[in-house]
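According to numbering that gives the first Met the number 0, the sequence shown is numbered sequentially starting from 0.
Even for Gly, the Cβ is constructed at its ideal location relative to N, Cα and C.
Shown next, in C-alpha cells, is the structure this report addresses.
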Amino acid sequence: MWESDERHEWRSGPWSLELRDDELADVAHDGRVVLRSVRAVVRDRNWDTAGLVVDRAAASDLALTLHVHSAGLGSDLRGIVRAEVRGPGRLRVLTDLESASQFETNRTGLVVLHPPALAGSRMDVRHPDGGVTHSRFPGDISPHQPAFDIAALQWSHDGLDVDVRFAGDVFEMEDQRNWTDASYKTYSRPLALPFPYVLAAGERVVQSIEIAVSGTPAPVDADPVARIRLEEGPPLPAIGVSAATAPDPAPPLAEAPVEGARPASVLVELDLATRNWRAALGRAAASALPLDVRFVLSDDEPASIDEAAHALRGLPIARVTAFVATGPARHVSDLGAIGLLRHALTEAGVEADVVGGVRSHFTELNREHHRLPRGLDGIVFSSTPLFHSLSIAQLVESLPMQRLVASQAVGIAAGLPVHIGPISLRPHFNDVATTPPPMPAHDDLRDGYGSALILPTPPPGAAGAPPGASGRVSPAADPRQAAPELAAWTIASAAALAVPGVATLAYFEEWGPRGVRTGDGAALPVLEAVSALASLSGRAGLRGDSPDGLVWAVGARAADGDAVLVANLDRRARSVEVELPGGSTRTAEVAAGAFVRL
C-alpha cells in the first residue's frame with residue numbers, strides 16, 4: 000500500500016534516472032541529482048491531472064522511450080516521452096503528444112522540477128530574445144514566480160555546472176515549496192495567457208529540454224548513523240482532528256476519536272452555501288470537544304453568517320474564522336469577511352477568538368496575507384503533501400518543506416499563534432477549480448459533505464452511467480490512510496511543523512476514508528501517532544533538525560522524564576542517535592516506515 004510506486008532505473012554512461020510510472024525522476028549525472036523530475040502532464044480546465052498511462056517502455060544504452068496515452072477528464076492524447084543521450088554530458092528529454100479529440104486544457108506539456116537544495120544558488124535566465132537575467136533560486140519561499148520568459152537556465156551547484164535549454168513553448172518558474180513540494184517547477188504555458196485553451200483534434204504538443212552538465216561533483220561524507228540534536232523550547236502544539244466528512248451514520252466511537260490523550264479540538268469547515276452545513280456542525284459538536292470553526296461565506300445569502308453565528312451559541316468554541324468564496328480574495332479571510340463575522344458573533348452573543356488566514360495552502364497565505372485585517376487572534380492555513388503528485392516520493396519529500404512553510408508562516412504571523420489544519424494527504428477541496436463545486440441534495444449527511452460528498456450518477460443504463468453505478472465519490476480520500484507507515488509520516492510531519500509559534504496541528508478526520516478511524520469506528524495505525532503526539536502537547540518541547548529529511552525526532556520534557564518520538568521514512572532500517580539537552584543520548588534501530596518511543 001505504501002511502497003506501491005514501481006521504480007525502474009535506467010543508466011547510460013554517467014547519466015541515470017529512475018522511472019516511476021510516467022515520471023523520469025532523479026535525473027543524475029555521476030550520481031548527483033541535477034533535476035528532481037521531468038514529466039509530461041495533461042491538466043484539464045480545473046487543473047485536475049489526467050493520468051498518463053505507459054503502454055510500453057523501450058530501453059537501450061542511449062535512450063529510454065515511453066509510449067503513453069492519457070486517461071480521464073475527457074482527454075485523449077497519445078504519443079511518446081523519451082530521454083536520449085546526445086553526446087558527452089548531454090541528455091535530451093522530449094515529448095510528442097497528439098490529441099485525438101478537442102480538449103480544454105490549462106496545461107499540457109513538459110514540467111521540470113529542480114531540487115530544493117538549489118535554494119540560494121545563482122541562476123542565469125536566458126530569454127527567447129537572447130537577453131539574460133542574473134538571479135537566484137529563492138531562499139525564502141517565493142510567493143510569486145521567480146523567473147519568467149525562460150528559454151534556458153544555467154546554474155552551478157555541488158561542483159557541477161548545469162545548462163538546461165527549453166524548446167516548444169515559452170516557460171516560466173514557480174516555487175512549489177509553497178505547496179510543500181520539494182522543488183522549483185519550470186513549466187509552460189505562461190499563466191499570464193488565457194486558460195483554459197483548446198487543443199484541437201489532431202493537434203500535437205511537441206516540447207523538449209536539453210541538459211548539459213560539466214564539472215566534478217564535490218565529495219560527500221556518509222554517516223551510517225542518523226544523528227539528531229534536540230533543544231528545549233516552548234510547549235509543543237496542541238493536536239486536533241478535523242470533523243468527519245463521510246456519509247452518515249457515524250460510528251459509535253465518534254465521540255472519542257483518539258484513544259489515550261484526546262485531541263484539543265475538532266476543526267469543522269462549514270460552507271454556508273450548502274444546505275447541510277447545520278447537520279455538519281451538529282455532528283462535529285457531538286464530540287463535545289472545543290470546535291475550530293471555519294465558515295465559507297455564501298455569495299447568494301450574505302446574511303447566512305448571522306444564522307451560523309447563532310448556531311454556535313452554547314457550543315465550546317476554540318476559535319472561528321470566515322473565508323470569502325469567490326472574487327479576488329477568494330479563500331481568504333479578508334477585512335470584509337472578518338467584519339461580517341465579528342458583527343454576527345456580537346449579535347449572537349458568542350465570544351470566541353477570531354482568527355484569519357486562508358482556507359487553502361500556505362501558497363495563498365504567502366501571496367495574500369496583506370489582505371488580512373488587524374486585530375486577529377491567530378493565523379490559519381491548511382496543508383496537503385499530495386497536491387501536484389500522488390507518489391510516495393512526493394509524500395516523504397514534503398516533510399522538510401513543511402518545516403520551511405511553518406517557519407515562514409510564523410514570520411508572517413508576527414507573534415500571533417499559527418494554527419495549521421486541516422492537514423490531509425489529499426486536498427480537502429479544489430482551490431483552483433474554475434467550475435463550482437457540487438452541492439448536496441439533502442439537508443442531512445446521508446451523502447456526506449465537502450470533499451467527501453457522494454455525487455449522484457445517472458440511473459444504470461442511462462447515458463453516461465457506468466455499469467452498476469449508484470454514486471460517485473470525489474477523489475479526496477487516499478488508500479494510504481490505512482497504511483502503517485502513515486503513523487511514522489505523521490510523527491515526522493509534526494516534528495517538522497512544530498516550530499515555536501505554531502499553536503495547533505489538526506491531522507486528518509475523526510473517522511471515515513480520511514480519518515484516524517474507519518467508518519465503523521475501528522482504529523487505524525495513524526491513530527497511535529496522533530494519540531502519541533497529543534500526549535506531548537503543552538509540555539516543554541524538544542525540537543531538532545532532520546539530518547536528511549527521512550529521519551525525524553520530536554519530544555517533550557516532564558517531571559518524570561523526557562519522552563521522545565523518532566520516525567524513519569527511509570526505505571531501509573536506520574540507526575538513530577538522539578542527543579538531549581544536557582548532553583545525554585538515546586539510540587534506537589528504527590525499521591523502515593516506522594516510529595518508536597525513546
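Leu192 and Asn567 have their C-alpha atoms roughly 43 Å apart. Leu290 is a Cβ neighbour of Ser264, given a cutoff of 8 Å. Residue environment for Glu363: buried (at least 16 other C-beta atoms within 10 angstroms of its C-beta). Looking only at Val169, Glu367, Glu346, the smallest Cα-Cα distance to Ser141 is reached by Glu367. Ranked by how close their Cα comes to the Cα of Arg228, the residues Arg570, Ala552, Val589 have Ala552 in first place. CA-to-CA, the gap between Val240 and Ser534 works out to about 14 Å. At a Cβ-Cβ threshold of 8 Å, Ser423 and Phe294 do not count as neighbours.
Taking Ile304 as the centre and dropping the five residues before and after it, the same chain places the C-beta of Leu271, Phe294, Leu296, Ala321, Leu339, Leu340, Ala343 closer than 7 Å to its C-beta, in chain order. A contact between stretches requires three or more CB pairs, one per stretch, nearer than 8 Å, and the stretch 80–98 meets this requirement with the stretch 198–214. Ranked by Cα distance from Glu346, the first of Thr503, His7, Pro524, Ala308 is Ala308. Under the three-state reduction of DSSP output, Arg373 falls in the coil class, being neither helix nor strand. Between the stretch 63–77 and the stretch 30–44, the count of Cβ pairs shorter than 8 Å is three or higher; the stretches touch. Taking the Cα of Ala591 as reference, the smallest distance to any Cα among Pro580, Gln101, Ser574 is reached at Ser574. In the DSSP assignment, Ser207 falls outside any alpha helix (DSSP H) and within the unbroken beta strand (DSSP E) covering 203–214.
Nearest neighbour of Ser406 by Cα position, chosen from Thr273, Arg274, Leu371, Asn365, turns out to be Asn365. When His427, His113, Ala200 are compared, the shortest CA-CA separation from Asp75 is found for Ala200.
In this chain, the alpha helix (DSSP H) harbouring Gly338 covers 334–347. For Asp148, the closest alpha carbon among the candidates Val163, Asp157, Val161, Met172 is that of Met172. Taking one beta carbon from each stretch, the stretch 440–448 and the stretch 244–251 have 3 or more pairs nearer than 8 Å; the two touch.
The three-state secondary structure of Asn275, taken from DSSP, is coil. Straight through space, the alpha carbons of Leu34 and Ala24 are spaced by roughly 8 Å. Under the three-state reduction of DSSP output, Glu173 falls in the strand class.
About 4 Å separates the Cβ atoms of Arg556 and Ala539, confirming a contact at the 8 Å cut-off. Our two residues, Gly313 and Gly281, have alpha carbons roughly 12 Å apart in a direct line.
The DSSP-derived three-state label of Met122 is strand. Residue state for Trp1 is assigned as coil, using DSSP reduced to three classes. CA-to-CA, the gap between Ala440 and Thr273 works out to about 9 Å. The secondary-structure analysis by DSSP pairs Ser382 across a beta bridge with Ile422.
In the three-state DSSP reduction, Val409 falls in the helix class (H, G or I). With contact defined as three or more Cβ pairs closer than 8 Å, the stretch 209–226 and the stretch 514–523 are not in contact. Ranking Val110, Glu230, Ala243 by CA distance to the CA of Ser187 puts Val110 first. With a cut-off of 8 Å on Cβ pairs, the stretch 49–63 is not in contact with the stretch 123–134, counting fewer than three such pairs. The beta carbons of Gly158 and Phe136 sit no closer together than 8 Å. In this structure, Ala495 lies near Arg402, with their beta-carbon atoms less than 8 Å apart. Straight-line spacing of the CA atoms in Pro216 and Glu2 works out to 30 Å. Excluding sequence positions up to five before and after Gly214, its CB lies within less than 8 Å of the CB of Ser155, Gly158, Leu159, Asp160, all in the same chain and listed in chain order.
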